[in-house]
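Numbering (the working numbering), first residue to last: 409 to 504. Cβ atoms here follow ideal geometry from the backbone N, Cα and C, with glycine treated the same way. Remember, predicted model here, so these are calculated numbers, not experimental data.
Printed below as a string of structure tokens:
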């Protein structure tokens, strides 16, 4: 039987404090297009936060990028380490 692939509110980093906690760990990897920050959490499931800079486009473009990244996470959340928070940052194109 296939696991349910949901992406509820509990799987998201929602508060500014959550974002800051992940950034403070400074465990990151990036390729110039996106940067992934990772921090351990006390839960038994992964959580995701997404930040897209305004220079990437208008609100429609930024929200589409966020939806795409959340969907990738939703489909793969059972294949990644479970006790971590993940923060994906898409910087402005000029900073790459």
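Pair within 8 Å by beta-carbon distance, residue 493 and residue 431
In the chain shown, residue 493 corresponds to position 85, counting from 1. In the chain shown, residue 431 corresponds to position 23, counting from 1. It is not a contact, given that the beta carbons lie outside the stated cut-off.
Of all the options 486, 467 and 443, which has the alpha carbon lying nearest to the alpha carbon of residue 457?
On the chain shown, position 49 is the one that residue 457 refers to. Among 486, 467 and 443, the Cα nearest to that of residue 457 is on 443.
Whose CA, out of 484, 426 and 460, lies closest to the CA of residue 448?
Here residue 448 corresponds to residue number 40 of the chain shown, with the count starting at 1. Minimum Cα distance to residue 448 is reached at 426.
Under 8 Å between C-beta atoms of residue 419 and residue 453
Here residue 419 is taken as the residue at index 11 of the chain shown, counted from 1. Here residue 453 is taken as the residue at index 45 of the chain shown, counted from 1. Cβ distance < 8 Å, so residue 419 and residue 453 count as in contact.
Span of the beta strand (DSSP E), counted from its first residue to its last, around residue 492
As a position in the chain shown, residue 492 is number 84, starting the count at 1. Residues 492-498.
Where residue 460 falls, given that 16 or more other Cβ within 10 Å makes a residue buried:
On the chain shown, position 52 is the one that residue 460 refers to. Within a 10 Å sphere around the beta-carbon of residue 460 sit 16 or more other beta-carbons, which makes this residue buried.
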